[in-house]
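What the sequence shown shows, in this note's numbering, is residues 276 to 506, in sequence order.
Glycine included, each C-beta is placed from N, C-alpha and C at the ideal position.
Structure first, commentary second.
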Amino acid sequence: MPLYHQVATAIEAHIEDGTLRPGAFLENEIALAARLGISRPTARQALQELVDQGRLIRKRGVGTQVAPDRIRRLVELTSLQSDLQRAGRSPSTEVLGWEQVDADAEVAGLLDVPVHTPVVWVHRLRSADGEPLALMANVLRADLAPSAEELSTTGLYDALRLRGIQAKVARQRIGARAATTAESRTLREPAKAALLTMERTAYDESGAVIEFGRHVYRASRYTFDTTLFSH
């Protein structure tokens, strides 16, 4: 294992066990190299590895700090609001848009409904402990759609369950891309910061489409966890 990676792994272990708390400052690379008896380039590379992983943040003129805790989300059929609550975080939602329109050919295909069916587009900003975390766009049939007021306090799947609608299975695609200027501003990220992306189509037990969602998450604050099994 390269020496810089050994150093990075040791620092990461201190972050994981709570020795280094979010917001804590680290010594600079000169002090780190002197304390560990390693070269300055090795110390720099170790710190940079953790910056690249989102575990550390470097601020010009301020120093190197431990990044805020990431939200770790299992890839399962749950709402982000429920996941945040289970993780002990305080979720909040700002409904940026709620609009009823007639489905065009693309949306009709996504929801498996006839063209011109009334549908509702919902755009939300989801935050955790007051810090912006994700931008979420969802479309669903108008006769299923919760109100904007309800979605400001309740997760989409919870609101649907109150209407007797239960998501049973979903097709999901996870990816990544750079943030747009507007997304960077809203999510308080640097220009062209990395974002995680998710597209999900949820179905009820009869196989009917409930909703389609297109979400983006701050890669510096959020990660998806998966468990793989061999056969």
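{"Asked": "Pair within 8 Å by beta-carbon distance, R399 and E425", "Found": "no"}
{"Asked": "Outcome for F487 when other beta-carbon atoms lying within 10 angstroms are tallied against a minimum of 16", "Found": "buried"}
{"Asked": "With 16 other Cβ atoms within 10 Å as the buried cut-off, status of I286", "Found": "buried"}
{"Asked": "Spatial distance of R296 from A283 (CA atoms)", "Found": "16 Å"}
{"Asked": "Cβ neighbour criterion (16 or more within 10 Å) applied to S495", "Found": "buried"}
{"Asked": "Unbroken beta strand (DSSP E) run spanning G488, endpoints", "Found": "V484 to R493"}
{"Asked": "Top-ranked residue by Cα proximity to A403, from H280, E458 and R493", "Found": "R493"}
{"Asked": "Short Cβ contact (8 Å threshold) for V397 with W373", "Found": "yes"}
{"Asked": "Continuous alpha helix (DSSP H) assignments of at least 4 residues falling wholly in the segment 277-350", "Found": "278-291, 304-311 and 315-327"}
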